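Residue numbers (my numbering), protein chains in the order written: chain A, 1 to 222; chain B, 223 to 444; chain C, 445 to 666; chain D, 667 to 888.
Note that the Cβ used here is the ideal one computed from N, Cα and C, for glycine as well.
The model shown is predicted, which means the values in this text are computed figures rather than measured ones.
Protein chains: 4
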Amino acid sequence: MTRGAIRAAAADRFFVQGFEATTVREIAGDLDIRAASIYHHYADKQQILYDLVSSTMTLLETGVGEAVRAETDPSSRLTAFVVHHVALHALRPREATLGETELRSLAGERRDGVIALRDAYEALLRDVLADGAAAGVFVLDDPVLARFAIVAMCTNVGIWYRPDGRLDLSEVAARYAAMAHRVAGAAPPDPAVIGRHLRLAVTRYTPHEEEHHGPANTRAVR
Amino acid sequence: MTRGAIRAAAADRFFVQGFEATTVREIAGDLDIRAASIYHHYADKQQILYDLVSSTMTLLETGVGEAVRAETDPSSRLTAFVVHHVALHALRPREATLGETELRSLAGERRDGVIALRDAYEALLRDVLADGAAAGVFVLDDPVLARFAIVAMCTNVGIWYRPDGRLDLSEVAARYAAMAHRVAGAAPPDPAVIGRHLRLAVTRYTPHEEEHHGPANTRAVR
Amino acid sequence: MTRGAIRAAAADRFFVQGFEATTVREIAGDLDIRAASIYHHYADKQQILYDLVSSTMTLLETGVGEAVRAETDPSSRLTAFVVHHVALHALRPREATLGETELRSLAGERRDGVIALRDAYEALLRDVLADGAAAGVFVLDDPVLARFAIVAMCTNVGIWYRPDGRLDLSEVAARYAAMAHRVAGAAPPDPAVIGRHLRLAVTRYTPHEEEHHGPANTRAVR
Amino acid sequence: MTRGAIRAAAADRFFVQGFEATTVREIAGDLDIRAASIYHHYADKQQILYDLVSSTMTLLETGVGEAVRAETDPSSRLTAFVVHHVALHALRPREATLGETELRSLAGERRDGVIALRDAYEALLRDVLADGAAAGVFVLDDPVLARFAIVAMCTNVGIWYRPDGRLDLSEVAARYAAMAHRVAGAAPPDPAVIGRHLRLAVTRYTPHEEEHHGPANTRAVR
DNA sequence: GATGAATGAGGTTTCATTCAT
DNA sequence: GATGAATGAAACCTCATTCAT
């Protein structure tokens, strides 16, 4: 029994029921162990959530950071941001969505840490938009609201996307890149750039097999 | 002590802490009454949430429905939808946001009822987008994703908007109407239409004084 | 169900098993109520102990303080101290002994408060001994050690005294007054003074009937 | 890692926190080993306490027994008892005090064994007092109470004595011998006898270096 | 001899809810 | 309409102890 298995089981439960409504016994039951065994690996229930949220947010921030820095023109950088963000939320909906919905269940230092991570992450998009506006590539009435809107709509993918759904991930990523460009007042994104970043993102964010064996189609209420 | 006061206190708590993390004693304490007294007005805790969510969603569905039906051209109807949606989430963030975040805490018939309401509500936007696309006023790669994106970005306003913030509600509504039109591939919205619907929405959604006496600036984590 | 009944049941258990070894369920079981009901009256388990210890120590400090101030000559004041101390520990062995044995189970402010009470109490004897030594009525090699010795031997009464034992309380009080006077290097105490204070002490410290209905002969290990 | 080190660490913890409040993990932590390793040396937690209490009480009973038998006159025998008792409680406060405070945490045969040891030990003093009274050297109103008083006041030394305190051990021993003689109604003890027994006691009871490396001044609540 | 992992048992506490007053 | 008291259910977490390695 590894920390990874506990994390994965907890992510499923937290995503579907919420942190507060999930009991440690349920997580343990999903893994056929006893609740006390959880505490051999995690100090308390909140620590599991913190581990999930902070590691996922770090993964995303690192991935997007590298991708954005690898591009030079604003349009490609916006594409990089959106594709990575959408891909993570589609490939790891459980972990990724928790950073939005369950943040309030963290307290004290753990909450502060996650908020700092999130702020650093959103700063990446802020800079992309600012640079694009300065370069005349983007036309933004209000860069702050555009950022809020782009993040909100891309994050939402984690709620509805299903691997066996009508659209596959490459289509979803392309559509969201296009919509984000529209919001930013930019010309449509280059399909080649979308494809390049999608390959990177899929490699990076696809969960390893040992991390998750539960039902893939248990979903949150939508 | 009225149901309204209990609703308002509960909305505050549910919004900030979440339904599961809120205790009946806390709600009662905010009103300087005892927990048992709550049960004179509500059968159980879930009923308070259901009351909040269903009445708010009904309010929104009715308001948007009327507004959309009052307009004939697709652009004005999209404007009507966005302005109403944004206004409700800005003016009643507590109640409005619960329909997204706390839906999973409802069970059985109550959940089904709210989901039916929400589906009816989103159908309004689906029709607006479909009509606009058919009329050639909107250019949509994927009408479903566009709908998801517009709803997600507009709902997000409830999380960050503050009455004393940098932008007042009319500016916010105008910016979101513009961004939604961009997502829809439409020409910018008519400011007159925005203003007209904003006046309607403010009249309809501004909470009555007796409904809320708590701190206006207690906010969820953002 | 009153706080008093919970206190009495807890005192029994704490005295016999110790605070840490006593469960809230046991206390509740002794009273034929459920554990949760205890929390209607006490915030937590420690609060019951604090209530017991601090109220008993206050009772003793007040009683001894008045008695000592009512006397003028050092011998009578020493008698007053010993008779009150012995009587309380004989009549309320459970509560009185907890102040010695279970103090370490209190934490933070509650511990500080009890220690302050105890220090104030022991200061009474310190002054009695100092005055007697200054007046030449007592002959003390070391007033501090004499005080420790007198308190320790009198407190010990709470461990072994039984109402149905070989000696009745008046005999025990007289013997301890005599021994304390010997330790202090004083002439034997006046029997009339012993009797007077014993009557006062019995009136003051005898538990009210409603406070305790449990077995009178359950005792700590000796 | 020896049984002795575990015993010493446990004695510290039991003395300060009590047996029930001490966890096996804490003891192991103090020794930089894991809890499971404790079970190579002791069958269970209670066995550590039993080992501590019974060995210390045996040490005391043997030492006092020899010392008392080595003297012939009652005063010297009382001196021997008090000096040994005080010295042990001053030199090994942790172990010695446990015999009083933590006895109730032992169960069954282990408890019976320790009580038998203690009764045998107190019988030594009972005989000393009885012989002295018969010889007219002691004047005792009640030999049982005198015994209780002497044991209680001498045992108390373990609670407050510190090696670096105001009084050194020889002074403390002399004062308690004098007070015990007063309680017994005897003439003051012979300083030479006090000194002789103190040397014996110090040799016998001073802990070996390897037994204890913890902080010498961590004390119980007083 | 040491320990990482696991766990049965149980501890304290919380909480939604009921009900007599 | 309000509430003090009570409680069943269950939550989180602790801990002594076992055992395979």
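Neighbours of Gly-831 (chain D) in chain C, taken as residues at a C-beta separation under 7 Å, are lacking, since the least C-beta distance is about 10 Å. If you draw a straight line from the Cα of Glu-283 (chain B) to the Cα of Arg-421 (chain B), it is about 17 Å long. Bounds of the alpha helix (DSSP H) holding Phe-236 (chain B) are 225-239.
Nearest CB-CB separation between Glu-539 (chain C) and chain D: not below the 7 Å threshold.
In the DSSP assignment, His-403 (chain B) falls within the unbroken alpha helix (DSSP H) covering 391-405.
Against Val-183 (chain A), the close residues of chain B are Met-401, Arg-404, Val-405, in the order they occur along the chain (beta-carbon pairs closer than 7 Å). Between His-306 (chain B) and Ala-423 (chain B), the gap from beta carbon to beta carbon is short of 7 Å. Nearest Cα to Thr-155 (chain A) within the set A:Arg-204, A:Gly-132, A:Pro-188, A:Leu-91: A:Leu-91.
If the five residues before and after Ala-177 (chain A) are omitted, its C-beta is found closer than 7 Å to the C-beta atoms of Thr-79, Val-82, Val-83, Pro-189, Ile-194, all from its own chain and listed in chain order. Residue environment: Val-183 (chain A) is assigned as buried (16 or more neighbouring CB atoms within 10 Å of its CB, all protein chains considered). It is roughly 41 Å from the alpha-carbon of Asp-778 (chain D) to the alpha-carbon of Leu-573 (chain C). Taking a Cβ-Cβ threshold of 7 Å, the residues of chain C close to Ala-818 (chain D) are Ala-596, Met-597, Asn-600, in chain order. Interface annotation, Asp-364 (chain B): in contact with chain A, CB-CB separation under 7 Å. Contacts with chain B at 7 Å (Cβ-Cβ) include Phe-148 (chain A). Per the Cβ contact rule, the region 770-789 of chain D is not in contact with the region 576-595 of chain C (fewer than 3 Cβ pairs under 8 Å).
Setting aside the 5 residues that flank it on each side, Leu-310 (chain B) is surrounded in the same chain by Leu-282, Ala-318, Tyr-427, each with a C-beta closer than 6 Å to its C-beta; the list follows chain order. By the rule that beta-carbons nearer than 7 Å mark a contact, Leu-535 (chain C) does not touch chain D. Scanning chain B for C-beta atoms nearer than 9 Å to the C-beta of Leu-198 (chain A) yields nothing, as the closest lies near 16 Å away. At a Cβ-Cβ threshold of 7 Å, Ile-693 (chain D) and Arg-673 (chain D) do not count as neighbours. Secondary structure note for Val-137 (chain A): it is in no alpha helix (DSSP H), with a DSSP letter that is neither H nor E. For the C-beta of Leu-300 (chain B), not a single chain A residue is nearer than 8 Å; the gap to the nearest is close to 14 Å. Contact annotation for Thr-101 (chain A) against chain B: Thr-323 [CB-CB distance below 8 Å, chain order]. Within the same chain, and ignoring the five residues on either side of Val-308 (chain B) in sequence, the residues whose Cβ sits closer than 7 Å to its Cβ are Cys-376, Val-379, Val-394, Ala-395, Tyr-398. Ranked by Cα distance from Thr-545 (chain C), the first of C:Pro-651, C:Leu-611, C:Ala-596 is C:Ala-596. Beta-carbon to beta-carbon, Leu-31 (chain A) and Ala-5 (chain A) are separated by about 6 Å, close enough to satisfy the 8 Å threshold. Counting of Cβ neighbours within 10 angstroms places Arg-247 (chain B) among the exposed residues, the total staying below 16.
Arg-196 (chain A): member of the alpha helix (DSSP H) spanning 191-205, first to last residue. At a beta-carbon threshold of 7 Å, the residues of chain C lying near Arg-841 (chain D) are Asp-585, Asp-586, Leu-589, ordered along the chain. If you draw a straight line from the Cα of Arg-640 (chain C) to the Cα of Ile-825 (chain D), it comes to about 33 Å. A Cβ-Cβ separation of about 19 Å leaves Ala-514 (chain C) out of contact with Phe-582 (chain C) under the 8 Å criterion. Gly-165 (chain A) and Ala-257 (chain B) have their C-alpha atoms roughly 46 Å apart. Rounded to whole angstroms, the Cβ separation of Ala-21 (chain A) and Ile-48 (chain A) is 14 Å, and the two are not in contact under 8 Å. Tyr-121 (chain A) and Met-57 (chain A) do touch by the CB rule: their CB atoms are close to 6 Å apart, below 8 Å. Where Arg-69 (chain A) is concerned, the enclosing alpha helix (DSSP H) starts and stops at 45-70.
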